[in-house]
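> Quick one: this structure, given as structure tokens, is what I'll be asking you about.
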Amino acid sequence: MSVLTTVIPVYNGEKFLPATLESVAAQTRMPDRVVVLDDGSTDSTPRIAKDFTGAPVEHVLNPENLGLFENHNRALDFAEETDYLHILHANDLIKPSFYEKVLDCFDEGDDPAMGFCRYEFIDEEGNTTGEPPQPILDRPRAVSKKEFLIRQSELKAVLIDATLHRTNHQPALFRFPLDYPHVADVMFHAGWAEKGARLFETPETLCQFRKHEGSMTNANTKKLHAWVVDEWRAIDGISRKIEEGALARWMRARKLRCLFAARTAVKAKMFRSNPEYAREIAAEGRNQVGGLYWLLGKLAVGLRDAVKPRTDLYGE
Numbered sequence: 063m064s065v066l067t068t069v070i071p072v073y074n075g076e077k078f079l080p081a082t083l084e085s086v087a088a089q090t091r092m093p094d095r096v097v098v099l100d101d102g103s104t105d106s107t108p109r110i111a112k113d114f115t116g117a118p119v120e121h122v123l124n125p126e127n128l129g130l131f132e133n134h135n136r137a138l139d140f141a142e143e144t145d146y147l148h149i150l151h152a153n154d155l156i157k158p159s160f161y162e163k164v165l166d167c168f169d170e171g172d173d174p175a176m177g178f179c180r181y182e183f184i185d186e187e188g189n190t191t192g193e194p195p196q197p198i199l200d201r202p203r204a205v206s207k208k209e210f211l212i213r214q215s216e217l218k219a220v221l222i223d224a225t226l227h228r229t230n231h232q233p234a235l236f237r238f239p240l241d242y243p244h245v246a247d248v249m250f251h252a253g254w255a256e257k258g259a260r261l262f263e264t265p266e267t268l269c270q271f272r273k274h275e276g277s278m279t280n281a282n283t284k285k286l287h288a289w290v291v292d293e294w295r296a297i298d299g300i301s302r303k304i305e306e307g308a309l310a311r312w313m314r315a316r317k318l319r320c321l322f323a324a325r326t327a328v329k330a331k332m333f334r335s336n337p338e339y340a341r342e343i344a345a346e347g348r349n350q351v352g353g354l355y356w357l358l359g360k361l362a363v364g365l366r367d368a369v370k371p372r373t374d375l376y377g378e
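Numbering follows this note's numbering, with no gaps: position 54 of the sequence shown is 116.
Have a look at this one:
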């Protein structure tokens with residue numbers, strides 16, 4: 063049987079870590095190893111990890127605080143010690159058949175690969191609040207590199223928690239870039255695809271992403287460069303990795319400018335109570351893609367809201 067390792071990078075995760083560990087312990091296919099990779103927590107995280115008995119949990123303490131994605135890259139170091147690696151955030155959950163179903167979507171090869179599932183949003187209490195747009199499937203399937211990169215470029219991205227990596231005791235194909243604090247995960251998965259990892263998808267919703275005040279996503283909404291500029295850098299950078307003809311590339315570039323403008327217009331609306339910051343968001347969005355595409359994006363958002371008002375960017 064293949065060796066499956068789960069690594070949970072965490073810093074001061076006492077509020078949600080118990081539920082995350084319980085979701086691992088409830089699996090129909092248990093991991094062979096569960097590592098709580100502690101980035102110097104000052105709360106009760108070490109005690110929670112050491113006292114947990116429902117799964118084979120190891121508490122590993124970093125010698126110094128590395129930071130969020132540096133700690134994720136430390137988690138990738140375990141790739142060489144396992145056949146399959148799963149990085150699970152300490153505030154998110156997986157449903158009981160997650161490992162069983164995602165492992166089943168892989169082929170029987172031993173080359174680098176990623177398998178992933180659908181996911182849904184939950185609130186701080188664990189109540190389901192909806193799903194992002196995801197392809198409608200009726201069975202597991204292989205995904206082409208081109209299709210995957212298109213989805214990543216449109217930020218219809220797979221979730222870290224919802225993804226297993228087949229490493230076959232080899233180093234990780236790609237690591238989390240440290241200069242994309244908001245979309246490092248998007249770049250990470252695109253990097254795996256570009257490097258040749260085979261891609262497999264299962265249609266079931268087996269992962270739950272928790273939206274809460276203390277999340278990185280929430281914190282980044284207050285950081286203009288991370289939330290706006292880096293998002294465009296990711297969209298544009300990934301789109302350039304898509305192999306297609308000149309006309310298709312030209313058309314895609316225009317489509318993505320409009321998409322980014324629309325997303326940024328929604329972000330500006332989210333901060334209507336802070337007009338100065340809303341204006342900064344809008345100005346930066348316009349600066350990145352130009353006035354024409356900014357106007358087209360705003361028009362698209364206005365038409366959408368006229369039919370069905372909605373301001374939650376991450377619930378779209």
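Think of the CB as a built atom: it goes at the ideal place given N, C-alpha and C, for glycine as much as any other residue.
These numbers were taken from a predicted model, which means no experiment stands behind them.
For residue 178, which of 334, 165, 87 and 142 has the nearest alpha-carbon?
Closest option to residue 178, Cα to Cα, is 165.
> Quick test of your reading: residue 382 and residue 289, contact by CB under 8 Å. State the CB separation rounded to the nearest angstrom.
Residue 382 lies beyond the residue range present for the chain, which begins at 63 and ends at 378; the question has no answer from this structure.
> Kindly indicate the opening and closing residues of the beta strand (DSSP E) around residue 96.
Residues 95-100.
> How would you label residue 312, buried or exposed, when you count the other beta carbons within 10 angstroms and need 16 or more for buried?
Its Cβ having fewer than 16 others within 10 Å, residue 312 is exposed.
> If you follow the alpha helix (DSSP H) that residue 161 is part of, which residue opens it and which one closes it?
From DSSP, the alpha helix (DSSP H) with residue 161 extends over 160-167.
> Quick check: residue 138 and residue 101, are their CB atoms within less than 8 Å of each other?
No, the pair does not count as a contact, with Cβ atoms beyond the cut-off.
> For residue 121, which three-state DSSP category applies?
Three-state DSSP puts residue 121 in a strand.
> Do residue 264 and residue 148 have their C-beta atoms closer together than 8 Å?
No, the pair does not count as a contact, with Cβ atoms beyond the cut-off.
> Would you mind sorting residue 283 into buried or exposed? The rule is 16 or more other CB atoms within 10 Å of its CB.
With 16 or more other Cβ atoms within 10 Å, it is buried.
> Assign residue 369 to one of three DSSP states: helix, strand, or coil.
Looking at residue 369 - three-state DSSP - the assignment turns out to be helix.
> What residues match up with residue 340 in a beta bridge as DSSP calls it?
The partner list for residue 340 (beta bridge, DSSP) is empty, contrary to what the question assumes.
> Is the CB-CB distance between residue 118 and residue 96 below 8 Å?
Yes, these two residues count as a Cβ contact at 8 Å.
> In the DSSP output, what is residue 270 paired with across the bridge?
DSSP output for residue 270 lists 155 and 182 as bridge partner(s).
> Quick one: what does DSSP say residue 130 is sitting in, helix, strand or coil?
Helix at residue 130.
> Report the three-state DSSP secondary structure of residue 52 (helix, strand or coil).
Summary: the structure shown does not reach residue 52, with the chain confined to residues 63 through 378, and so no result is reported for it.
> With C-beta atoms as the reference, is residue 94 less than 8 Å away from residue 231?
No, the pair does not count as a contact, with Cβ atoms beyond the cut-off.
> Only counting runs of 3 or more residues, tell me where the beta strand (DSSP E) segments fall wholly within the stretch 213-266, in order along the chain.
Counting only runs of 3 or more, we get 225-228.
> Hey, residue 141 and residue 229: beta-carbon distance below 8 Å or not?
Cβ distance < 8 Å, so residue 141 and residue 229 count as in contact.
> Would you identify the three-state DSSP class for residue 347, choosing helix, strand or coil?
Residue 347 falls in the helix class under three-state DSSP.
> Taking 8 Å as the threshold (C-beta atoms), are residue 259 and residue 174 in contact?
Going by C-beta atoms, residue 174 is nearer than 8 Å to residue 259.
> Buried or exposed, going by whether 16 or more other CB atoms sit within 10 Å of the CB of residue 287?
By the 10 Å Cβ count, residue 287 comes out exposed.
> Quick one: residues in its chain with C-beta nearer than 8 Å to the C-beta of residue 262, no 5 flanking neighbours on either side, listed in chain order?
Only 167, 168, 169, 175, 176, 177, 178, 202, 203, 204 and 205 meet the Cβ criterion.
> Among the residues of its own chain, which have a CB less than 7 Å from the CB of residue 305, if the five just before and after it don't count?
Excluding sequence neighbours, residue 305 sits near 208.
> Just reading off the alpha helix (DSSP H) that residue 328 is part of, what are its end residues?
Note, residue 328: alpha helix (DSSP H), 308-332.
> Taking DSSP as the reference, what is the three-state secondary structure of residue 199?
In this structure, residue 199 counts as coil in the three-state DSSP scheme.
> Counting only beta-carbon separations shorter than 8 Å, does residue 187 have a partner in chain C?
Given the protein chain composition of this structure (a single chain), no chain C is represented.
> What's the C-alpha gap between residue 106 and residue 74?
Taking the straight line from one Cα to the other gives about 7 Å.
> Quick check on the DSSP output: the alpha helix (DSSP H) that includes residue 86 runs from which residue to which?
Looking at the DSSP string, the run of the alpha helix (DSSP H) that includes residue 86 is 79-87.
> Are the stretch 321-332 and the stretch 291-311 touching by the rule of at least three beta carbon pairs closer than 8 Å?
Yes: at least three Cβ pairs fall under 8 Å.
> If you follow the beta strand (DSSP E) that residue 149 is part of, which residue opens it and which one closes it?
Segment 146-149, the beta strand (DSSP E) holding residue 149.
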